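Chains as they are written, first to last, in UniProt numbering: chain A, 1 to 242; chain P, 1 to 411.
This is the structure:
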């Protein structure tokens, strides 16, 4: 029978606490890093948008061919995914994440307005989906999956997603202009509002341009498979078409 | 809500498992010089008389080997007595024992079936030697085991010495998992030796001073774990139990999951019920580390392993459901992209990795202690990935049986 070595119990407690503290601080550090990364991407995007705005302001003097911007939407989409991951891994009420989310929504609206103007001016075939989701909405998860998949398949497609209940005045304005009811998920495509879940097939039906892109892509594929030397030409044509 | 509760449980469990592991490792590094000292071979000053009781019930296949291993012990023949007690076997055990009929060193008794503790007590009444040991009929000793154990009786306070139990010829995955588990056990028992908190005197070849039984009484039924109860009773009476970490005994372990499950159900049920019977030990300063470290940790680990399995199962079901929804909605996900951004970095993840790291380092130390050096083999892998998944099942079953007071059987 041995007596209890209390010092050892306290020493072990101290070490265990130190391990806990290290793990928590390391995790916090990485989480902050993640938020920083999102913030820097946002800054980059807001800069891009500003430059696009200047570009459109100069549109009168420029030919529509020079208006580029497809890369931007892809970046916005990737940013959205990172943001929703940060939202899940940190607390959803985290003020840091909330601020980022609001900024992101505003950037989306800006990009949306800009692209609308480019379309009006140049008659390009850019297709937008404005998507409203909410918390505690099971169908929204599936809708989100469908839209992510579509964005992967059609990089030219622009998807703007908004948290219906996010406290941002601009979102509220967007909602009231388009008379979008609080029945989620809701999709706004070409001034038509679609409620309930829309499958990939449904959306491809609603937006005929998607089919055109699909066919184009298949042709391209065939061209590459046939190893025809004119493949770059096909690409060139496509760019002009846009 | 569920998330908050499960997070809390995860962190509490992690805290206690880390505490447990750090405590064990610190004990090891603190006592390493003593461990080295003990390993030095030294001769016995004298040869006390020893009796080994082998209780057996339906063990025709292993009993001859068990007896032969005892006969081969490196010990003066006139100082070692072997008593075999057949506990009403209904297979060929008696026939197998017949061959030892004319061996003057082996005494064979047969009695109606009454359970292992009755067989041991039956044998105890014939014991006149200074020391007495028992050996399960499915275990085998090495020639030097007894002498190594007896060295520890040089300390007049030592009342019982437990050996290091190893798995006999492991082959199946279930046996290999147990091989690692027993290696862990050898390390753990040695640390408990240093902490004065050994809480089980295993059936395979624990040697006692005969006076122990005269002082505190014979074996009891003890919810079918008589070796656990006897150790707790000795601790209660402040009788010193030590461990001889290099006195090896090889034991046959369950080969199938089903038989392992039954064995562990019995052990866990026995542990829970004996802990209830001896609950006054817990957080009682009089009884040292057994009350503050060993028993509380064992009880916490029982509950946390059940809760963690529940949490793990429910989150994995939820994840699988999510995956299914995704598959139904957008089809198979063929594209693979990796981005450090999407790697989870919660504190619980780091703590889990750290805790597993400590377990691995303890296993490395344990293997070095038992086999001289560390080498990696598949059994470690089986142990780390499968053991934790199967343990909670018998634990839950034993807990259920304890709460609803159902009897657990041997076979």
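Just so you know, even glycine gets a beta-carbon here, dropped at the ideal spot from N, CA and C. Bear in mind that the values here come from a model prediction, so they are computed numbers and not experimental data.
Practice task
Using a Cβ cut-off of 8 Å, pull out every chain A residue sitting near residue 19 of chain P, in sequence order please.
Solution key: 12, 13 and 16
Handout entry: Straight-line Cα distance separating residue 394 of chain P from residue 56 of chain P
Key = 25 Å
Exercise for the section: Examine chain A for any beta-carbon lying closer than 8 Å to the beta-carbon of residue 315 of chain P, and answer yes or no. Expected result: With a threshold of 8 Å between beta carbons, residue 315 of chain P makes no contact with chain A.
Practice task
Going by CA-CA distance only, name the one from P:85, P:342, P:331 and P:116 that's closest to residue 81 of chain A.
Solution key: P:342
Practice task
Taking residue 4 of chain A as the query, report the chain P residues whose CB atoms sit under 7 Å from its CB, ordered along the chain.
Solution key: 285, 288, 289 and 292
Exercise for the section: Please work out which residues of its chain come closer than 6 Å, Cβ to Cβ, to residue 49 of chain P, disregarding the five sequence neighbours upstream and downstream, and give them in chain order. Expected result: 79, 129 and 130
Practice task
Report yes or no: is there a C-beta of chain P within less than 8 Å of the C-beta of residue 89 of chain A?
Solution key: yes
Exercise for the section: Within the stretch 38-103 of chain P, note down every full alpha helix (DSSP H) run reaching 4 residues or more, in order along the chain. Expected result: 63-71 and 93-98, all fully within the stretch 38-103 of chain P.
Practice task
Quick one: list the residues of chain A neighbouring residue 329 of chain P, beta-carbon separation under 7 Å, in chain order.
Solution key: 142, 145 and 146
Exercise for the section: Determine, using beta carbons only, whether residue 34 of chain A and residue 78 of chain A come nearer to each other than 8 Å. Expected result: no
Practice task
Please compile the residues from chain P whose C-beta is within a distance smaller than 7 Å of the C-beta of residue 37 of chain A.
Solution key: 341
Practice task
Confirm, please, whether the CB-CB distance from residue 185 of chain A to residue 140 of chain A is below 8 Å.
Solution key: yes
Problem - Through-space distance from residue 232 of chain P to residue 238 of chain P, alpha-carbon basis - result: C-alpha separation (whole angstroms): 10 Å.
Handout entry: Residue-level contact to chain P via CB, residue 70 of chain A, 8 Å cutoff
Key = Legend: pLDDT at residue 70 of chain A = 48, less than 50; position of this residue unreliable, no value from coordinates given.
Handout entry: Cβ of residue 9 of chain P within 8 Å of any chain A Cβ
Key = no
Exercise for the section: Please list the segments of the alpha helix (DSSP H) lying wholly inside the stretch 125-151 of chain P, counting only runs of 4 or more residues, in order along the chain. Expected result: Contiguous alpha helix (DSSP H) elements confined to the stretch 125-151 of chain P occur at 145-150, taking only those with 4 or more residues.
Exercise for the section: Compare the beta carbon distance of residue 290 of chain P and residue 281 of chain P with 8 Å and say whether it is the shorter of the two. Expected result: yes
Handout entry: Span of the beta strand (DSSP E), counted from its first residue to its last, around residue 192 of chain A
Key = 192-195
Problem - Ordered list of alpha helix (DSSP H) runs contained in the stretch 4-31 of chain A, each at least 4 residues - result: none
Practice task
Can you have a look at residue 42 of chain A and say buried or exposed, based on whether 16 or more other CB atoms are within 10 angstroms of its CB?
Solution key: buried
Practice task
State the start and end residues of the unbroken beta strand (DSSP E) segment that holds residue 163 of chain A.
Solution key: 158-163
Problem - Check whether residue 246 of chain P and residue 162 of chain P have beta carbons under 8 Å apart - result: no
Exercise for the section: Could you tell me the distance, in whole angstroms, from the CA atom of residue 18 of chain P to the CA atom of residue 356 of chain P? Expected result: 9 Å
Practice task
Express the C-alpha separation of residue 208 of chain P and residue 221 of chain P in angstroms, rounding to a whole number.
Solution key: 19 Å
Practice task
For chain A, find out if any of its Cβ atoms is closer than 8 Å to the Cβ of residue 344 of chain P; answer yes or no.
Solution key: yes
Exercise for the section: Have a look at residue 165 of chain P and residue 370 of chain P and give me their C-alpha separation to the nearest angstrom. Expected result: For residue 165 of chain P and residue 370 of chain P, the distance between alpha carbons rounds to 10 Å.
Handout entry: Residues near residue 212 of chain P in its chain [Cβ-Cβ closer than 7 Å; skip 5 each side]
Key = 159, 160, 234 and 239
Exercise for the section: Determine the chain P residues that contact residue 30 of chain A at a beta-carbon separation under 7 Å, and present them in chain order. Expected result: Neighbours of residue 30 of chain A on chain P, chain order: 345.
Problem - Reference residue 204 of chain A; option with closest CA among A:149, A:220 and A:160 - result: A:149
Practice task
Could you tell me whether the Cβ of residue 100 of chain P comes closer than 8 Å to any Cβ of chain A?
Solution key: no
Exercise for the section: Express the C-alpha separation of residue 272 of chain P and residue 84 of chain P in angstroms, rounding to a whole number. Expected result: 30 Å
Problem - Contact list for the stretch 352-367 of chain P against chain C, Cβ threshold 8 Å - result: Any reference to chain C falls outside this structure, whose protein chains are A and P.
Problem - Classification of residue 139 of chain P by the beta-carbon crowding that lies within 10 angstroms, buried from 16 upward - result: buried
Problem - Counterpart residues of residue 240 of chain P in DSSP-defined beta bridges - result: P:158
Handout entry: Stretch-stretch touch, CB-based, cutoff 8 Å, three pairs: the stretch 180-198 of chain P with the stretch 378-386 of chain P
Key = yes
Problem - Touching by the beta-carbon criterion (3+ pairs, under 8 Å), the stretch 362-376 of chain P and the stretch 186-198 of chain P - result: Verdict: yes, contact present.
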